[in-house]
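Visitor: Handing you this structure, nothing more for now.
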Amino acid sequence: MKNWLSTIGQFIRRINWKMVFLIIAGLISITIIVIVATFGVLLILEQFDGRYEEGVAGVMAPMLG
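In UniProt numbering, the protein residues as written are 1 to 65.
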């Protein structure tokens with residue numbers, strides 16, 4: 001058991017935390033960009049096409065339940 005814990009400790013010490021932080025920050029920013037882009041596309045479609053007469057609220061209502 002002690003050997004197993006020391007192996008995990010060595011692994012944690014060896015992790016480059018700067019890299020982990022950059023990867024997590026990158027994933028969060030990509031997620032935010034995708035959400036904003038989705039809303040942007042919906043708004044553009046709404047302006048050029050009369051299908052979404054209720055607006056963004058009508059598009060979001062099925063997703064929100």
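Backbone N, C-alpha and C fix where the C-beta goes; we use that ideal spot for every residue, glycine too.
1. If I follow the unbroken alpha helix (DSSP H) through I8, where does it start and stop?
2. Excluding the 5 residues flanking W4 on each side, which residues of the same chain have their C-beta closer than 8 Å to its C-beta?
3. Could you give the distance in angstroms between the alpha-carbon of K2 and the alpha-carbon of Q10?
Guide: On the basis of the supplied data:
1. 2-14
2. none
3. 12 Å
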